[in-house]
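Chains as they are written, first to last, in the numbering used here: chain A, 459 to 933; chain B, 12 to 504.
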């Protein structure tokens, strides 16, 4: 029996507006507990919300970037439930008239490009945060309360953890590009719920399991894999899964049931009477569209065309707006687009991965990087040396010229100096010459290596090669 | 005539003529409170210190020869569901018994800016739910005309404070008739403005889509002056509408000649006291004698207004009152296990019976499976009612009805029968459902108790209502009658 996995995602992204959804309090992350609060965002009696126009614009930007239809009319609704971190005991959200609907995003899969449908994007306000202490009491921090959020709901179009990860990465890149969210999962500004079920070839299928609050892409992928296996096992045993809400236990690597959907809250949605219906004009949408920057897809195409780098490389480089900007800046300064892309694809990305950092966290900037490339281009250092210089730059933040000078890495390009070494090495290795004459090409490489060793790696490799060939053919 | 018997605009003239200082006037007000408050129980909180500060400030500005507004220096009262910075705002509920807001409602701010002297916060039905001011967690306010009777509700404290001469005018809030019904019961003029005319910011919400703040005064002119002060767009309230505010007192003396008045038969049917009907129809004759045209009309959907009201208002209240859970402020139950238990016990102990009844009704109407049958259906009927009014106003300048089916009833008479109590708002509720403005003013007396009539107007056309009400007031002698507690009463007619 074959099984097909259906994965749908619900992603919450905090918007990067300066003030909250319904008041003028700061949305800045951190800050002393309960300092970014006012009577409105903590819902004191008599206070009323006033919608933040910028938050609507950000939601529209997200919708346009994900090929959504933008509603001409939309309203806010109340989602009622009791929880200590929800001070009004309702969350202002959108129910039946979300601001964006019917969009899609394209992801790369093993079998090519795939369209993932986006059902809706709606706006809502964030809740506060509860902190449960060891003595059993609960403390509340309302700084996050009322921060604007968008919730992006995908269609169940992803068939694996890999596709879900690709979707999440793409979405993250887009939100980062259009600068509507800082998409920091570790700070909670991007949060993700996963819906999984499995359909067998014979049509039997499991009930949807919803895994809540996954705080990394890795956890999301693992949870999907775990659930897929659990659901298939159930179908193979001729059973079904319960429709339930689960959480991912990262330590044990399993999902755990939280509550059955049958007992789920009745949120008693109804139109928020304190806010009036919003009209979104075509003109306004067009103004917002003009505000949108170049998106990853367009940038990728441009990079391939303009810089002649491979599609794959371009895809990797544009996956982060900061990295793409870094690349473009380095190319404009150093000139060699391919060299720059090669270097980023290998050394830079390896470094970022090792240190789990972003390009903006590095202690050097694109100008330093461009200068490093220039030294390679003009032959001051070899490619191999450049890697060493880069490592030093990444570790200490030193300028490339300083590293080269301190370590005496300047390449020897003076032919007579290299020739001297070549002559000496040839005279010291008669056996290699014999081998070479007998047609063993390996001997040539050995001799080059010896010359490089003798020059402490500073001899320009092309020159060494040429001189050795000259000498040997003259023997 | 005693000072406390005067209207606000009359004391304004005395202040301007230097016959009186604001401090003297404020002293008069508290003297009056000392004399009658124990009999009427209008207030929950007094703000004596702040009142005298404001009065002194007024007197100093007068000395400097500053030109001051109509309400400056005059003692008044606020219903206790309007937030006052640094002053207890309880909504007559146990659950908010210790709540001191760190902000002013927009109306409070506007009154302070206008130099009003806020004497105190008045009693009300808990969270404005009720029609008698018997549903207060603190006290039952009595009708100054007959202290065995209710002053109406939910702004009963605001009405009694004016009718008994404790203050010169007051603000009430009106969700289904809570300004007009007590105005009718206590012989005052009460105005419910168009929804969106007065900011709701700082009004502790009962039903957000229906609530509106308005004045209670001894005559129409006082209400016009208060409307001039409290009306206008407020950026803090998205539902407040950005429309120019006319001077409501300016055209009020222009008469009603040529006005067309609709008299909807549905408001004169079963349940309406015969004498009340007669008096309102006599008022119509008086209008005709002044050159207006009266015609019978029909508003067939209005009979559904009360049902719609008890679905929409309770739905919104179940959500609006959910925040009172004891977690952040207000009353909290003493013994509990875990936060759910705390919520449940706090709310069980903190809310009164009527509030709990309405929260349950609203929770039911909104719950999945019932939403379409109740809430959604309610919204649709609301639209119908609104359309009927709009249609009527294509022909008529205003609509004339009784304000209440009967005069003030006895304390305790209807408290065991919620449905019977709800019926007392049957004439006022359709107005809130439609969002249009309406004014109640006295049109006669029955057995020594005032009878009120209601004029309903077009959206944002309070000016016509004020003009029509003013004309009636001048043509009859009724507005000069004062409650028995004032030493007056109908017997002196």
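Note that beta-carbon positions come from the ideal geometry of N, C-alpha and C, so glycine has one too.
CA-to-CA distance, residue j to residue i, given in whole angstroms
i                      : j                      : result
residue 707 of chain A : residue 349 of chain B : 25 Å
residue 551 of chain A : residue 827 of chain A : 46 Å
residue 735 of chain A : residue 535 of chain A : 10 Å
residue 832 of chain A : residue 788 of chain A : 10 Å
residue 234 of chain B : residue 484 of chain B : 13 Å
residue 27 of chain B  : residue 104 of chain B : 40 Å
residue 302 of chain B : residue 144 of chain B : 39 Å
residue 332 of chain B : residue 353 of chain B : 16 Å
residue 404 of chain B : residue 274 of chain B : 12 Å
residue 63 of chain B  : residue 43 of chain B  : 15 Å
residue 78 of chain B  : residue 180 of chain B : 21 Å
residue 462 of chain B : residue 70 of chain B  : 38 Å
residue 304 of chain B : residue 146 of chain B : 42 Å
residue 759 of chain A : residue 772 of chain A : 8 Å
residue 467 of chain A : residue 604 of chain A : 23 Å
residue 68 of chain B  : residue 124 of chain B : 12 Å
residue 932 of chain A : residue 895 of chain A : 12 Å
Chain-ordered chain B contacts of residue i [CB-CB under 7 Å]
i                      : result
residue 548 of chain A : 330 and 333
Partner residues on chain B for residue i, Cβ-Cβ distance less than 9 Å
i                      : result
residue 502 of chain A : 94, 110, 112, 113, 114, 334, 339 and 340
Interface residues of chain A facing residue i [CB-CB closer than 9 Å]
i                      : result
residue 248 of chain B : 506, 508 and 732
residue 107 of chain B : 503
Local conformation of residue i per DSSP, three classes
i                      : result
residue 534 of chain A : coil
residue 108 of chain B : coil
residue 466 of chain A : strand
residue 340 of chain B : coil
residue 328 of chain B : helix
residue 907 of chain A : helix
residue 894 of chain A : helix
residue 305 of chain B : strand
residue 684 of chain A : helix
residue 477 of chain A : strand
residue 931 of chain A : helix
residue 267 of chain B : coil
residue 223 of chain B : strand
residue 420 of chain B : coil
residue 796 of chain A : helix
residue 916 of chain A : coil
residue 242 of chain B : strand
Those residues which DSSP pairs with residue i across a bridge
i                      : result
residue 562 of chain A : A:575
residue 156 of chain B : DSSP, once it has assigned bridges, lists no residue as partnering residue 156 of chain B.
residue 658 of chain A : A:461
residue 858 of chain A : Bridge partners of residue 858 of chain A: none, in fact.
residue 180 of chain B : B:87 and B:228
residue 365 of chain B : According to DSSP, which records beta bridges pairwise, residue 365 of chain B is partnered with nothing at all.
residue 129 of chain B : B:87
residue 833 of chain A : Its beta-bridge partners do not exist; DSSP assigns none.
residue 376 of chain B : Residue 376 of chain B pairs with nothing; no bridge assigned.
residue 453 of chain B : B:463
Cross-chain neighbours of residue i in chain B, by beta carbon under 8 Å
i                      : result
residue 724 of chain A : 378 and 379
Proximal chain A residues relative to residue i, where beta-carbon distance stays under 8 Å
i                      : result
residue 374 of chain B : 726
residue 63 of chain B  : Neighbours of residue 63 of chain B on chain A: none; closest Cβ ~26 Å, over 8 Å.
Proximal chain A residues relative to residue i, where beta-carbon distance stays under 7 Å
i                      : result
residue 362 of chain B : Neighbours of residue 362 of chain B on chain A: none; closest Cβ ~14 Å, over 7 Å.
residue 404 of chain B : Going along chain A, no residue has its Cβ under 7 Å from residue 404 of chain B, so there is no contact; the nearest lies around 22 Å.
residue 354 of chain B : 540
Legend entry - Under 8 Å (Cβ pairs) to chain B, residues found in the stretch 472-503 of chain A: 497, 500, 501, 502 and 503
Inset, instruction - Please name the residues in the stretch 206-232 of chain B whose beta-carbon is closer than 8 Å to at least one beta-carbon of chain A, in chain order. - result: 211, 212, 213, 214, 215, 216, 218, 219 and 220
Inset, instruction - Quick one: which residues of the stretch 525-559 of chain A get their C-beta closer than 7 Å to a C-beta of chain B? List them in chain order. - result: 536, 538, 540, 542, 545, 546, 547 and 548
Inset, instruction - Identify each residue in the stretch 587-604 of chain A for which the Cβ-Cβ distance to at least one residue of chain B is less than 8 Å, and report them in chain order. - result: For the stretch 587-604 of chain A, which is checked against every Cβ of chain B, the residues closer than 8 Å are 596 and 598.
Inset, instruction - Identify each residue in the stretch 384-399 of chain B for which the Cβ-Cβ distance to at least one residue of chain A is less than 7 Å, and report them in chain order. - result: Within the stretch 384-399 of chain B, the residues whose Cβ lies closer than 7 Å to any Cβ of chain A are, in chain order, 386.
Legend entry - Near-chain A residues of the stretch 302-331 of chain B (beta-carbon distance less than 8 Å), N- to C-terminal order: 326, 327, 329 and 330
Legend entry - Residues, ordered as in the chain, of the stretch 466-485 of chain B that lie near chain A by beta-carbon distance below 9 Å: none
Inset, instruction - Give, in chain order, every residue of the stretch 175-190 of chain B whose Cβ lies closer than 7 Å to some Cβ of chain A. - result: none
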